[in-house]
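Please read the structure below before turning to the comments.
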Amino acid sequence: MTITIDGLSIKKKEDFYANIKTELNVPEYFGNNLDALYDILTEHPDRLQIKFLHYDRMCAQLGVPFCQKLLKVLQDADILTIINQH
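Counting in full-length UniProt numbering, the sequence shown runs from 1 upward without gaps.
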């Protein structure tokens, strides 16, 4: 399964988590934080790829520290991550 996150539509962290909730069809009780994201990603053994479009734009909006932590979570959860800057 491949999901795509377009950084142009991500202005704040709430936008990012709303996108993740929709794309992954996670339960309503999903917490909007990276720990909850890790839990969801590791609970489902399906192979997942996440493709980021306009990743640099998303990082400018959300902050580089958040994006670095996000990539670490994806790496720790063994998620193939594809990054397109534009």
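Glycine residues also receive a C-beta, built at the ideal position from the N, C-alpha and C atoms.
- Of all C-beta pairs linking the stretch 63-82 to the stretch 18-26, fewer than three are shorter than 8 Å, placing the two stretches out of contact.
- For the options Glu14, Arg57, Ile3, Asn33, the alpha carbon positioned closest to that of Asn25 is the one of Ile3.
- For Gln49, the closest C-alpha among the options Lys13, Leu71, Lys11, Glu14 is that of Leu71.
- Here Ile83 is not near Tyr38, since their CB atoms are 9 Å or more apart.
- Per DSSP, reduced to three states, the secondary structure at Ile79 is coil, with no helix or strand assignment.
- According to the DSSP assignment, Lys51 belongs to the beta strand (DSSP E) that extends over 49-53.
- According to the DSSP assignment, Asp6 belongs to the beta strand (DSSP E) that extends over 2-6.
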